[in-house]
Amino acid sequence: MIVLGIESSCDETAAAVLEDGRRVRSTVVASQDAVHAPYGGVVPELASRRHLEVIVPVVQRALEEGGVTLPGLDGIAVTHGPGLVGSLLVGCSLAKSLAWAQGIPLVGVNHLEGHIYAASLTDDPPVHPFLALVVSGGHTALYHAKAPLTYHLVGETRDDAAGEAFDKVAKLLGLGFPGGPIIERVARDGMPNAIAFPLAQMTDQAPDFSFSGLKTAVSLHVKRHQPLDAREVADIAASFQATVVKLLVRKTVKAAGGLGVNRIVLTGGVAANTALREGLAAAAAEQRIHLHVPPRQLCTDNAAMIAAAGTARLLAGERAGLDLNAVPGLELAPARAGARPGARDSR
Ligand code: KG4
Ligand code: ZN
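When we follow the working numbering, the leftmost residue of the sequence shown carries the number 2, and every step to the right adds one.
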């Protein structure tokens with residue numbers, strides 16, 4: 002079964018060809034970092050225009066490198082949410098046109114499910130049930146995947162996403178965009194325990210995350226200690242990164258214990274971070290939990306993961322019609338009943 006995946010939910014235009022849900026024949030990702038860097042963040046209007054310019058060549062290249070032509074496809078999978086509406090529409094419109102013109106089955110994929118399916122593209126795919134920590138620029142959430150294509154929201158961020166916190170702190174430190182990889186690089190020269198930033202705890206003990214207090218603490222520290230030399234910037238980056246990792250690791254391992262699952266999937270753009278990969282691996286090993294982490298290039302946005310989730314949905318008999326639409330706020334699982342905001346800081 003050969004499936005073309007198309008992803009354009011944010012600032013990467015991506016296409017991939019996947020065979021039998023497991024073998025990546027090709028994966029092409031056109032990054033828009035250079036487009037948005039001068040603004041220090043993604044500019045939605047520029048993102049959709051850029052998608053429009055590059056999506057056809059990106060799909061053509063994925064087909065060529067995947068050694069397949071349109072009539073040879075068994076399905077097309079496209080991200081239809083969550084994301085930026087103008088960006089999502091570009092991918093959805095192209096996917097619908099190709100599917101209609103060629104009479105190919107079409108399926109819409111939730112971007113977050115795509116991130117989770119990235120873990121199935123390794124030699125060690127996760128078996129259900131497992132807990133998935135999805136950490137990206139727009140989302141930070143824990144999902145309990147009890148059975149294929151079934152997700153239960155265990156916990157989520159009550160304010161910023163982890164990736165957003167990396168991006169904002171990088172901006173505060175004048176390091177550029179996107180912040181995650183830059184913070185990681187700069188942090189290598191700093192000491193993770195140089196500054197004791199606060200670790201958010203939920204007053205109601207919920208397995209939720211909060212990063213806005215940490216971001217404010219970094220901002221106050223920067224203001225108090227300006228001008229900063231390179232050593233201080235590195236220490237702030239390392240201490241911030243260590244705090245994020247500690248928070249994510251603690252909540253995730255605790256939630257896995259509470260659910261009684263012994264498999265965790267770590268995925269999303271922030272899962273490319275070495276400190277997080279190593280931190281969660283160590284904590285999981287201590288608890289005898291099996292950790293599944295996709296290779297870095299499959300953690301950040303790509304279309305192979307969309308094709309993987311799409312293959313599973315196509316095999317389950319799911320089909321999208323030409324009324325498939327972009328859904329910017331698409332949820333993977335319904336919000337938990339009784340979830341309420343409220344975080345406090347503690348060390
Ligand atoms: O999943 P992704 O590629 O796009 C979204 O779905 O949002 O995640 C992008 C986010 C950005 O905030 C970026 O700064 C962060 O992932 N990121 C990282 C690293 N690489 C990307 N954060 C920390 N360390 C990294 N190495
Ligand atoms: Zn993503």
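Positions of the beta carbon are idealized from the N, C-alpha and C atoms, including for glycine.
Small disclaimer: the values here were computed from a predicted structure and weren't measured.
Verify whether the separation of the beta carbon atoms of residue i and residue j is less than 8 Å.
{"i": "leucine 248", "j": "leucine 267", "result": "no"}
{"i": "isoleucine 117", "j": "leucine 99", "result": "no"}
{"i": "threonine 158", "j": "phenylalanine 212", "result": "yes"}
{"i": "isoleucine 307", "j": "threonine 80", "result": "yes"}
{"i": "valine 91", "j": "isoleucine 56", "result": "yes"}
{"i": "glycine 42", "j": "phenylalanine 167", "result": "no"}
{"i": "alanine 272", "j": "valine 155", "result": "no"}
{"i": "histidine 291", "j": "asparagine 274", "result": "no"}
Let me know if residue i comes out buried or exposed under the rule of 16 or more other beta-carbons within 10 Å of its beta-carbon.
{"i": "asparagine 111", "result": "buried"}
{"i": "leucine 19", "result": "buried"}
{"i": "glutamine 242", "result": "buried"}
{"i": "arginine 320", "result": "exposed"}
{"i": "glutamate 13", "result": "buried"}
{"i": "alanine 207", "result": "buried"}
{"i": "proline 335", "result": "exposed"}
{"i": "lysine 216", "result": "buried"}
{"i": "threonine 204", "result": "exposed"}
{"i": "aspartate 34", "result": "exposed"}
{"i": "arginine 186", "result": "exposed"}
{"i": "arginine 289", "result": "exposed"}
{"i": "alanine 286", "result": "exposed"}
{"i": "leucine 221", "result": "exposed"}
{"i": "glycine 6", "result": "buried"}
{"i": "valine 4", "result": "buried"}
{"i": "arginine 314", "result": "buried"}
Nearest by alpha-carbon distance to residue i: which of the options is it?
{"i": "alanine 304", "options": "Asp168, Leu113, Pro182 and Glu46", "result": "Leu113"}
{"i": "leucine 198", "options": "Val170, Val60 and His52", "result": "Just to set this straight, residue 198 is phenylalanine in the shown sequence, not leucine. Nearest option by C-alpha distance: Val170."}
{"i": "serine 9", "options": "Arg24, Asp34 and His52", "result": "His52"}
{"i": "valine 59", "options": "Ser32, Ala15 and Tyr40", "result": "Ala15"}
{"i": "aspartate 230", "options": "Ala201, Val250 and Asp190", "result": "Asp190"}
{"i": "leucine 323", "options": "Pro106, Leu292, Lys147 and Gly269", "result": "Pro106"}
{"i": "alanine 120", "options": "Ala146, Gln103 and Gly109", "result": "Ala146"}
{"i": "asparagine 194", "options": "Glu233, Asp209 and Gln227", "result": "Glu233"}
{"i": "alanine 201", "options": "Pro228, Arg251 and His226", "result": "Arg251"}
{"i": "threonine 28", "options": "Phe210, Ala63 and Gly258", "result": "Ala63"}
{"i": "proline 72", "options": "Glu46, Ser94, Val4 and Gln103", "result": "Gln103"}
{"i": "proline 228", "options": "Gly258, Gly175, Gln61 and Ala188", "result": "Gly175"}
{"i": "glycine 261", "options": "Thr244, Pro130, Ala188 and Gly214", "result": "Pro130"}
{"i": "glycine 115", "options": "Met192, Gly87 and Pro149", "result": "Pro149"}
At the level of alpha carbons, what is the spacing between residue i and residue j?
{"i": "arginine 26", "j": "valine 44", "result": "32 Å"}
{"i": "arginine 50", "j": "serine 137", "result": "23 Å"}
{"i": "glycine 82", "j": "alanine 284", "result": "32 Å"}
{"i": "leucine 143", "j": "leucine 74", "result": "33 Å"}
{"i": "alanine 235", "j": "valine 254", "result": "28 Å"}
{"i": "cysteine 11", "j": "leucine 89", "result": "8 Å"}
{"i": "proline 329", "j": "leucine 85", "result": "6 Å"}
{"i": "histidine 37", "j": "aspartate 161", "result": "20 Å"}
{"i": "glycine 164", "j": "histidine 140", "result": "8 Å"}
{"i": "glutamate 279", "j": "alanine 239", "result": "14 Å"}
{"i": "leucine 173", "j": "valine 223", "result": "8 Å"}
{"i": "proline 182", "j": "alanine 309", "result": "26 Å"}
{"i": "tryptophan 101", "j": "glycine 311", "result": "17 Å"}
{"i": "methionine 2", "j": "valine 294", "result": "25 Å"}
{"i": "aspartate 346", "j": "alanine 17", "result": "With a pLDDT of 46 at aspartate 346, under the threshold of 50, the modelled position of this residue cannot be trusted; read the value that follows with caution. Cα to Cα, the separation comes out at about 43 Å."}
{"i": "valine 246", "j": "glutamate 54", "result": "37 Å"}
{"i": "valine 69", "j": "alanine 218", "result": "52 Å"}
{"i": "aspartate 302", "j": "alanine 48", "result": "14 Å"}
{"i": "proline 39", "j": "glycine 270", "result": "21 Å"}
{"i": "arginine 23", "j": "glycine 180", "result": "31 Å"}
{"i": "leucine 132", "j": "isoleucine 265", "result": "5 Å"}
{"i": "glutamine 61", "j": "alanine 96", "result": "13 Å"}
{"i": "leucine 325", "j": "histidine 153", "result": "24 Å"}
{"i": "alanine 350", "j": "glycine 258", "result": "Residue 350 cannot be examined here, being either before or after the span of the chain that is shown, 2 to 348."}
{"i": "glycine 318", "j": "leucine 277", "result": "36 Å"}
{"i": "leucine 331", "j": "glycine 109", "result": "11 Å"}
{"i": "threonine 93", "j": "methionine 192", "result": "Correcting the residue identity first, residue 93 is cysteine in this sequence and not threonine. Cα to Cα, the separation comes out at about 45 Å."}
Measuring from the CB of residue i, is there a heavy atom of the ligand ADP at a distance below 7 Å?
{"i": "glutamate 165", "result": "This structure does not include the ligand ADP; its bound ligands are the ligand KG4 and the ligand ZN."}
Looking at the strands, I want to know which residues DSSP matches up with residue i.
{"i": "asparagine 326", "result": "Answer by DSSP bridge pairing: none, since asparagine 326 is not bridged."}
{"i": "histidine 291", "result": "Arg264"}
{"i": "serine 32", "result": "Glu13"}
{"i": "valine 356", "result": "With the chain covering only 2 through 348, there is no way to say anything about residue 356."}
{"i": "alanine 146", "result": "Phe131"}
{"i": "arginine 50", "result": "Answer by DSSP bridge pairing: none, since arginine 50 is not bridged."}
{"i": "arginine 24", "result": "Glu20"}
{"i": "phenylalanine 210", "result": "Thr158"}
{"i": "valine 4", "result": "Leu19 and Gly76"}
{"i": "valine 136", "result": "Thr141"}
{"i": "histidine 153", "result": "His145"}
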